[in-house]
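S.K.:
Protein chains: 2
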Amino acid sequence: MFLNQTSHYALRAMTGLVRAGNSKPVKSGELAEKTDVPSHYLSKIMRKMVEAGYVRSQKGHGGGFVMNIAPEDLRIIDVLTASGFDIDEQPCVFGWEMCRNEDPCPLHPVWKRLKDSFNEWAYHTTFEDIRRESQDIEDKFKR
Amino acid sequence: MFLNQTSHYALRAMTGLVRAGNSKPVKSGELAEKTDVPSHYLSKIMRKMVEAGYVRSQKGHGGGFVMNIAPEDLRIIDVLTASGFDIDEQPCVFGWEMCRNEDPCPLHPVWKRLKDSFNEWAYHTTFEDIRRESQDIEDKFKR
DNA sequence: TTTTCAATAGACTTGCCTATCTATTGAGAG
DNA sequence: CTCTCAATAGATAGGCAAGTCTATTGAAAA
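Chain order of the listed sequences is Y and B. Numbering-wise (this note's numbering), the first sequence opens with residue 3 and increments by one. Numbering-wise (this note's numbering), the second sequence opens with residue 3 and increments by one.
#1: Using the rule of at least 16 other Cβ atoms within 10 Å of the residue's Cβ for burial, across every protein chain shown, is Y:Y125 buried or exposed?
#2: Could you tell me whether any Cβ in chain Y is nearer than 9 angstroms to the Cβ of B:H110?
#3: Can you give the beta carbon distance from B:R21 to B:R133, rounded, assuming they're within the 8 angstroms contact cut?
#4: Based on DSSP bridge pairs, tell me the residues matched to B:M69.
#5: At a CB-CB cut-off below 9 angstroms, which residues of chain B make contact with Y:F120?
#6: Residues bridged to B:R77 by DSSP?
#7: May I ask you to verify whether the segment 102 to 120 of chain Y touches the segment 4 to 17 of chain B, counting CB pairs closer than 8 angstroms and requiring at least 3?
#8: Kindly say whether Y:L13, judged by its beta-carbon, lies nearer than 9 angstroms to any beta-carbon of chain B.
#9: Could you check whether the Cβ of B:D141 sits closer than 9 angstroms to any Cβ belonging to chain Y?
#10: Could you tell me whether the segment 113 to 123 of chain B touches the segment 115 to 129 of chain Y, where touching means 3 or more Cβ pairs closer than 8 angstroms?
#11: Taking Y:S30 and Y:S85 to be in contact with their CB atoms under 8 angstroms, please state how far apart those CB atoms are, rounded to whole angstroms.
#12: What does B:R49 reach in chain Y if we use C-beta pairs closer than 9 angstroms?
#13: Cβ of Y:I78 within 9 angstroms of Cβ of Y:T127?
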């Protein structure tokens with residue numbers, strides 16, 4: 003798997019929230035069911051999104067989660083980072099701690115190409131892209 | 003992490019073996035030390051490389067592991083697959099089991115771009131590329 | 001004010017990937 | 001034939017991410 007389970011869940015949840023629109027808050031339970039993420043686990047992930055400022059939460063009656071940022075201003079990297087993924091902690095495949103471009107490990111040149119592709123994707127794809135490209139696709143979160 | 007620890011180890015080990023040349027077998031312990039992989043764990047991984055036919059092993063005195071395929075014929079995807087990584091088991095980030103191009107999940111278009119980049123890298127990079135691009139780099143497997 | 005709803009917090013459990021340990025098998029050297 | 005070396009096999013343990021459970025906090029409705 004490219005990303006860990008938590009990151010997957012985070013991307014799903016934010017996609018679900020963006021697609022739900024901003025008309026009214028989306029309840030954790032609803033979002034969990036829609037995105038097929040374990041509900042209590044989703045709560046933990048959404049908390050991180052709230053802390054990062056990408057989502058607002060409302061307790062109590064009629065409460066739930068609402069987007070707090072325009073989809074075009076939210077990139078995939080932002081959600082991944084907020085969910086705990088740290089691109090800089092991804093070591094070179096060699097596991098050599100101090101591997102840098104100027105002082106590389108043997109697999110560095112090859113590995114760097116993969117990493118660059120990933121970064122291109124994660125830094126340049128926004129949730130507006132996701133929304134636009136998925137607007138003709140119906141929700142099919144359930145397996 | 004893009005790949006799991008085992009896949010990292012496999013790539014390191016095979017890189018180490020390719021760089022060691024074919025003059026004489028490389029002992030498991032030596033390869034383990036050179037690539038900073040736990041030695042007993044490396045043995046298990048090398049076993050898979052042997053089973054896949056990429057490496058020959060020799061027991062006993064003077065034994066060890068030798069490449070059994072030309073570096074230009076061994077792709078990254080081959081080593082990943084042999085080590086247990088299954089590209090087709092990598093579900094769409096939505097976790098929707100039946101997600102295909104013709105019948106996609108909401109994140110499919112975006113996710114596909116990442117997957118395509120990865121495949122381009124894994125299917126088109128050979129260990130000859132790795133050897134060539136690393137020939138001016140000294141071994142620095144230890145962290 | 002009370003009731004109900006829904007997020008939050010944190011402790012706890014589970015499960016799997018890694019890693020280790022202890023034999024055993026097999027091959028060459030002497 | 002025996003000794004040593006090194007891969008192989010399988011059982012066992014460790015550690016961390018993932019998932020669950022229970023209680024608490026906070027807000028709106030009645």
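Think of the CB as a built atom: it goes at the ideal place given N, C-alpha and C, for glycine as much as any other residue.
M.R.: According to the structure data:
#1: On the first sequence, residue 125 of chain Y is found 123 positions in, with the first residue counted as 1. When all chains shown are included, Y:Y125 counts as exposed.
#2: Locating residue 110 of chain B in the second sequence gives position 108, counting from the first residue. So yes, B:H110 belongs to the interface.
#3: Here residue 21 of chain B is taken as the residue at index 19 of the second sequence, counted from 1. Here residue 133 of chain B is taken as the residue at index 131 of the second sequence, counted from 1. Their Cβ separation, rounded to whole angstroms, is 6 angstroms, which keeps B:R21 and B:R133 in contact under 8 angstroms.
#4: For this step, residue 69 of chain B is matched to residue 67 along the second sequence. Answer is B:V57.
#5: Here residue 120 of chain Y is taken as the residue at index 118 of the first sequence, counted from 1. Per Cβ cutoff of 9 angstroms: F4, L116, S119 and F120.
#6: Counting from one through the second sequence, the residue named residue 77 of chain B turns up at place 75. Partner(s): B:T128.
#7: Taking a cut-off of 8 angstroms on C-beta distances, the segment 102 to 120 of chain Y touches the segment 4 to 17 of chain B, as three or more cross pairs fall below it.
#8: Counting from 1 along the first sequence, the entry for residue 13 of chain Y is found at position 11. Yes, Y:L13 lies at the interface with chain B (some Cβ there is under 9 angstroms from its Cβ).
#9: Here residue 141 of chain B refers to the residue found at position 139 when the second sequence is read from its first residue. By this cut-off, B:D141 is an interface position.
#10: Judged by Cβ distances under 8 angstroms, the segment 113 to 123 of chain B makes contact with the segment 115 to 129 of chain Y, as three or more pairs qualify.
#11: The sequence position of residue 30 of chain Y within the first sequence is 28, counting from 1. The sequence position of residue 85 of chain Y within the first sequence is 83, counting from 1. Incorrect: roughly 16 angstroms between the Cβ atoms, too far for contact.
#12: Reading the second sequence from its first residue, position 47 is the one you call residue 49 of chain B. Under the 9 angstroms cutoff, chain Y gives no residues; its nearest Cβ is about 21 angstroms from B:R49.
#13: Here residue 78 of chain Y refers to the residue found at position 76 of the first sequence. Here residue 127 of chain Y refers to the residue found at position 125 of the first sequence. Yes, they are a contact pair.
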